[in-house]
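Notes for the one structure printed next.
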Amino acid sequence: MERGDEDVGPPSALWSQETVGSPKLAGFHLYHKLPSIVPESCLLILVGLLLGGIIFGAEEKSPPVMNSDVFFLYLLPPIVLDAGYFMPTRLFFENFGTIFWYAVVGTLWNAIGIGISLYGICQISAFGLTDITLLQNLLFGSLISAVDPVAVLAVFENIHVNEQLYILVFGESLLNDAITVVLYNLFKSFCQMRTIKVIDIFAGIANFFIVGIGGVLIGILLGFVAAFTTRFTHKIRVIEPLFVFLYSYLSYITAEMFHLSGIMAITACAMTMNKYVEENVSQKSYTTIKYFMKMLSSVSETLIFIFMGVSTVGKNHEWNWAFVSFTLLFCLIWRALGVFVLTQIINVFRTIPLTFKDQFIIAYGGLRGAICFSLVFLLPPTVFPRKKLFITAVIVVIFFTVFIQGITIRPLVEFLDVKRSNKKQPAVSEEIYNRFFDHVKTGIEDVCGHWGHNFWRDKFKKFDNKYLRRLLIRENQPKSSIVSLYKKLEIKHAIEMAESGMISKVPSSVSLSEYHEGKIKPLSPTEMENMREILTKNLYQIRHRTMSYNRHSLAADANEKQAKEILIRRRHSLRESLRKTNSLSRERPAPANTKRFLSLPKNTKLPEKLRVRNKTSSRVGDSSDSEMDAATTVLNLRPRAGKILRDQRLRQQRPPPEFRMEWKNEVDGSQDGQGEQQEPSTLPQPSIGFRQPLLTRPRFGTLSREDLTADHGSARPVPPPRLVRQASQGERQRNKPENEPY
Amino acid sequence: MACGLCDKPWQFVTNLYRKSRCPMHQPARTLASVTSEQIEHLHRRFKQLSRDQLTIRKENFDSIPDLEFNPIRAKIVHAFFDKRNLRPESDGLADEINFEDFLTIMSYFRPIEMNMDEEQLDRFRKEKLKFLFHMYDSDHDGKITLQEYRNVVEELLSGNPHLEKESARSIADGAMMEAASICVGQMGPDQVYEGITFEDFLKMWQGIDIETHRNQDARSLPQHGDHRALLL
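Respectively, the protein sequence lines represent chains B and U. Per UniProt numbering, the first sequence starts with residue 1, numbered consecutively. Per UniProt numbering, the second sequence starts with residue 1, numbered consecutively.
Encoded structure:
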């Protein structure tokens with residue numbers, strides 16, 4: 001085969017499409033109004049059309065058509081992976097019956113309906129279509145009835161319908177892949193067979209179950225393997241994201257290899273991984289996975305739509321008014337009928353029936369896209385002499401759904417006043433209420449002896465906690481969703497505050513304790529203790545052990561540290577302003593005390609905690625640590641002392657460290673035995689172990705001095721000493737007397 | 001039974017809202033059309049729990065094995081005997097409940113019928129929320145104070161042995177402050193927030209659809225192609 005244009009064609013086309021497509025996308029979003037009117041996919045197709053036209057005009061032959069292999073092997077998996085990974089699993093499983101019903105029965109209904117009615121049309125000799133057999137029509141029906149996840153995602157992302165609707169349409173588009181694969185292969189092989197026996201039909205039905213369930217099993221299996229692998233990756237954090245992508249792609253390829261449903265495999269794998277891997281990987285790996293996944297799926301989507309546009313232009317077409325228009329008509333009619341009839345049946349079984357509005361959106365949201373496009377290109381032309389006709393019809397349907405339905409769905413949603421989604425921040429209290437209500441419902445179900453949905457979910461959770469989590473998660477602490485949400489929110493607020501420099505509306509618990517009991521009264525020592533403990537939770541830990549630079553680990557970003565410092569200061573000033581106006585400041589001895597406590601939160605707490613609650617605190621320390629990278633300093637709800645404590649106990653060490661000493665005398669090497677770090681740090685300070693503050697002195701040196709002098713008279717807590725790593729003589733002297741009462 | 005208002009005796013029919021009033025003086029709410037099968041099933045269950053007695057006591061609930069694992073078991077059982085749930089204006093704790101009371105409590109959780117209109121749905125929802133409110137407000141003073149809230153959170157997290165009490169407390173505090181900020185807005189440092197009243201409670205649940213107990217205006221999904229806000 002000579003090296004002609006064909007060889008260079010696809011890569012260059014690819015490259016040119018990407019370079020054109022991505023800036024277009026960026027520009028697209030800059031002009032704000034456009035995405036609200038026109039979904040991205042439309043624009044991308046237009047760009048593709050343009051490109052195709054250019055190539056066609058320049059080279060006088062058809063531009064490179066989207067290779068079905070490329071599509072199915074490279075372009076589709078990232079999108080499905082992204083969607084499966086971020087799918088709200090709880091909602092998905094609550095609606096699983098409905099989704100399954102729509103996907104399987106709905107697609108069957110559509111496929112057979114469209115096939116048979118088209119066959120009826122073909123029988124009319126006036127249209128010149130009589131040579132298309134019933135089987136061919138059925139095959140065509142099966143490939144065009146598949147709702148496409150890519151298109152659904154592309155369109156629904158802009159209109160923000162409520163989660164339930166979204167999950168119904170999207171879940172259906174994912175699950176119907178199994179049916180599509182089966183039907184497509186079934187009819188294709190039927191077309192090529194001489195005779196069809198009844199047994200073949202049953203084989204087909206059995207095949208469906210094998211394809212669907214087999215795909216899911218492969219996905220789940222590989223998901224477990226991935227989770228298990230990540231359990232042991234805490235030494236080599238950097239390659240953790242690789243496992244996620246590797247295993248999910250592996251599941252897809254494996255399933256496709258066995259002619260099972262690859263989409264269902266990768267979806268099941270993603271959902272399984274999401275649950276367990278998230279807890280094993282570090283925070284940074286998690287972020288990497290998220291962003292990389294989004295990036296890949298964005299790129300794939302862009303390419304797919306552009307390719308579709310390009311492939312449209314060319315000589316692949318045969319136009320037949322009757323066939324094309326009736327195809328379109330039947331697609332719409334059968335979809336609407338199907339949704340309507342099926343909903344009537346499924347509503348009997350649902351606790352929350354689907355309203356007419358919901359049904360309309362579901363029917364209208366059944367968009368066709370790249371999957372049927374690729375499938376039609378895969379048809380063997382020998383068996384299908386009218387292949388070009390099919391291609392034309394498919395393209396018309398896709399364009400119609402993507403353009404017309406895609407553009408009009410937004411105004412329709414607004415017109416029908418469908419419940420929209422709202423970008424509201426999840427609140428801790430909401431999570432608490434939800435949990436509470438869940439338990440109430442389960443309890444009531446138990447009382448009335450009814451095995452409802454909650455019962456099964458509870459059972460699964462117990463099984464999960466007992467076996468799966470122990471196996472798959474590294475440091476398995478039974479996690480409460482409330483606590484993890486709370487932690488997440490704290491982190492988020494910290495970062496927000498650092499970035500925006502504003503004090504957000506979310507309160508610190510300090511102010512709360514002043515509202516405690518509704519009265520302003522002198523606070524007893526126990527209450528002080530309370531407040532101190534509360535504050536400890538909310539103060540941001542900036543100390544961490546120094547890490548030497550290592551290619552396999554990532555050092556914390558300098559800006560991050562600075563941001564956290566700013567954050568701490570602002571919180572202190574917030575606290576300060578609050579404290580100034582209440583009774584706390586009126587009592588002289590109290591501030592002296594609190595100042596001590598507040599400024600040395602971890603230090604003060606530690607000795608007591610060590611004596612009193614060694615075990616439990618260390619465990620909790622683990623749970624908060626487990627999701628944090630060793631190298632980064634993120635908000636800790638518990639001091640990292642937990643780790644130290646554990647190490648201490650392990651090594652049967654001497655009595656608890658004198659953290660006070662470290663405070664006074666930064667260069668004291670007494671802490672060297674503590675913590676994990678050993679190597680000399682790259683920062684120009686002698687490593688003092690666990691407690692090493694990480695900001696360089698020059699940056700904050702002046703500040704700390706100012707603060708120190710300023711703080712003497714007021715009740716302001718003293719953050720700066722923490723920053724001072726190499727305390728100067730003078731400062732050290734000053735620190736000493738301050739610390740003595742403590 | 002006699003109607004509280006007009007003293008007319010009337011039968012307990014197969015509807016759940018008879019609230020000691022005859023149908024004429026019934027507050028205009030749906031007579032819940034619980035099917036007779038459901039009533040029968042519940043009756044059987046009642047007989048099983050009460051060991052063929054006419055009333056149930058708190059101890060009878062111990063015979064439900066699955067309830068043991070429920071972290072808020074105590075509150076749920078308590079709710080059955082809470083007089084505020086049984087009759088609209090009463091208060092206090094009942095020692096034992098009969099089948100009608102049992103059904104009353106169960107009726108809070110009956111499935112919604114298709115033919116309910118907006119007003120009925122709203123009322124139904126409010127009743128459910130009131131039920132929940134009573135579960136939170138253990139001292140019957142009409143307010144959820146910080147201590148009570150902390151109690152709730154501690155109980156919720158009690159299934160988790162490794163979690164410190166202080167974590168639970170700080171979570172409760174954070175949630176309480178959220179409530180304060182929703183109900184009262186920005187508070188000055190001298191202001192005092194007594195506790196969550198039922199109106200405040202309603203406000204907090206405003207956006208949440210209690211049936212799916214999810215946001216009606218649903219939480220934002222990390223949308224495909226949403227290239228920002230991936231912090232969570």
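Quick reminder that beta carbons are idealized off the backbone N, C-alpha and C, glycines included.
- Query: If we ignore side chains and look at the alpha-carbon of each, how far apart do R551 of chain B and K487 of chain B end up?
  - Reply: Confidence at R551 of chain B is low in this model, with a pLDDT of 47, below 50, so the placement of that residue should be treated as unreliable; the coordinate-derived value is given next. About 29 angstroms.
- Indicate the three-state DSSP secondary structure (helix, strand or coil) for I132 of chain B in the structure shown. DSSP places I132 of chain B in coil when its eight states are reduced to three.
- Task: Give the residues from the stretch 437-448 of chain B that approach chain C closer than 8 angstroms (Cβ to any Cβ), ordered along the chain.
- Result: The chain inventory of the structure shown lacks chain C, comprising the protein chains B and U.
- Message: Any beta carbon from chain B within less than 8 angstroms of residue 275 of chain U's own beta carbon?
- Response: Outside the displayed span of chain U (1 to 232) sits residue 275 of chain U, for which this structure offers no information.
- Name, in chain order, the residues that DSSP records as bridge partners for Q93 of chain U. The sequence shown places Leu at residue 93 of chain U, not Gln. Answer by DSSP bridge pairing, in chain order: U:D82.
- Message: Between the stretch 97-107 of chain U and the stretch 69-77 of chain U, can you find at least three pairs of beta-carbon atoms closer than 8 angstroms?
- Response: no
- Query: CB-CB under 7 angstroms to T230 of chain B, same chain, minus the five flanking residues each way: which ones, in chain order?
  - Reply: Here T230 of chain B has E240, F243, V277, N280, V281 as same chain residues with Cβ atoms under 7 angstroms from its own Cβ, once five neighbours each way along the sequence are excluded.
- Message: Is the separation between the beta-carbon of I121 of chain B and that of W334 of chain B shorter than 8 angstroms?
- Response: no
- Message: Please report the straight-line C-alpha distance between S513 of chain B and G174 of chain U, rounded to a whole angstrom.
- Response: Summary for S513 of chain B: the model assigns pLDDT 43, below 50, so the residue's position carries little reliability, and this model does not support an answer.
- Query: Nearest to I159 of chain B by CA position, among B:E256, B:E431, B:D417, is which residue?
  - Reply: B:D417
- Item | Same chain, Cβ closer than 7 angstroms to V313 of chain B, neighbours up to 5 away in sequence not counted | Contacts found: L49, G52, G53, F56, P63.
- Is the Cβ of D52 of chain U closer than 8 angstroms to any Cβ of chain B? no
- Message: Considering just the uninterrupted stretch of the alpha helix (DSSP H) at T55 of chain U, what are its terminal residues?
- Response: Counting along the chain, T55 of chain U falls outside any alpha helix (DSSP H), though it belongs to the beta strand (DSSP E) covering 55-57.
- Item | Contacts of Y119 of chain B in chain U (Cβ-Cβ under 7 angstroms) | Neighbours of Y119 of chain B on chain U: none; closest Cβ ~37 angstroms, over 7 angstroms.
- Message: With distance defined between alpha-carbon atoms, name the residue in B:F384, B:P411, B:L165, B:Y433 nearest to T133 of chain B.
- Response: B:F384
- Please compile the residues from chain U whose C-beta is within a distance smaller than 8 angstroms of the C-beta of V428 of chain B. I171, G174, A175, E178
- If we call anything under 8 angstroms between Cβ atoms a contact, is L135 of chain B one with F190 of chain B? The Cβ-Cβ distance between L135 of chain B and F190 of chain B falls below 8 angstroms.
- Taking C-beta pairs closer than 8 angstroms, name the residues in chain B that D141 of chain U reaches, listed in chain order. Going along chain B, no residue has its Cβ under 8 angstroms from D141 of chain U, so there is no contact; the nearest lies around 12 angstroms.
- Got a sec? Which residues, its chain only, sit under 8 angstroms from K294 of chain B by beta carbon, not counting five neighbours each side? D82
- Message: I need the DSSP call for N67 of chain B, collapsed to helix, strand or coil.
- Response: coil
- Please confirm if S107 of chain U has its CB atom under 8 angstroms from at least one CB of chain B. no
- Helix, strand or coil for T351 of chain B per DSSP? coil
- Message: Can you tell me which residues form a DSSP beta bridge with T197 of chain U?
- Response: U:K143
- Item | Selection from B:R469, B:Y166, B:T107, B:V152 that minimises the alpha carbon distance to L143 of chain B | B:T107
- For D141 of chain U and F109 of chain U, the rounded distance between their alpha carbons: 24 angstroms
- What does Y486 of chain B touch in chain U if you count any residue whose Cβ is under 7 angstroms from its own? I171, G174
- Item | DSSP bridge partner residues for N98 of chain U (one or two, in chain order) | U:T55
- Message: Does chain U have any CB closer than 8 angstroms to the CB of R410 of chain B?
- Response: no
- Item | Separation of F305 of chain B from L44 of chain B, as counted between CA atoms | Looking at the two C-alpha atoms, the distance is approximately 6 angstroms.
- Item | alpha helix (DSSP H) segment containing K128 of chain U, residue limits | 118-136
- Query: Does DSSP classify F384 of chain B as helix, strand or coil?
  - Reply: coil
- Message: Given a cut-off of 8 angstroms on the beta-carbon distance, is the pair K387 of chain B and L375 of chain B in contact?
- Response: no
- Message: Assuming contact is defined by CB atoms lying nearer than 8 angstroms, are A103 of chain B and I179 of chain B in contact in what I supplied?
- Response: yes
- Item | Candidates U:Q48, U:K75, U:D52: closest to S63 of chain U by CA position | U:Q48
- Could you work out which residues of chain U lie near R435 of chain B, taking near to mean beta carbons separated by less than 7 angstroms? L156
- Task: Compare the C-alpha of G97 of chain B against each of B:E318, B:T351, B:I112 and name the closest.
- Result: Looking at the Cα atoms, B:T351 is the closest of the given residues.
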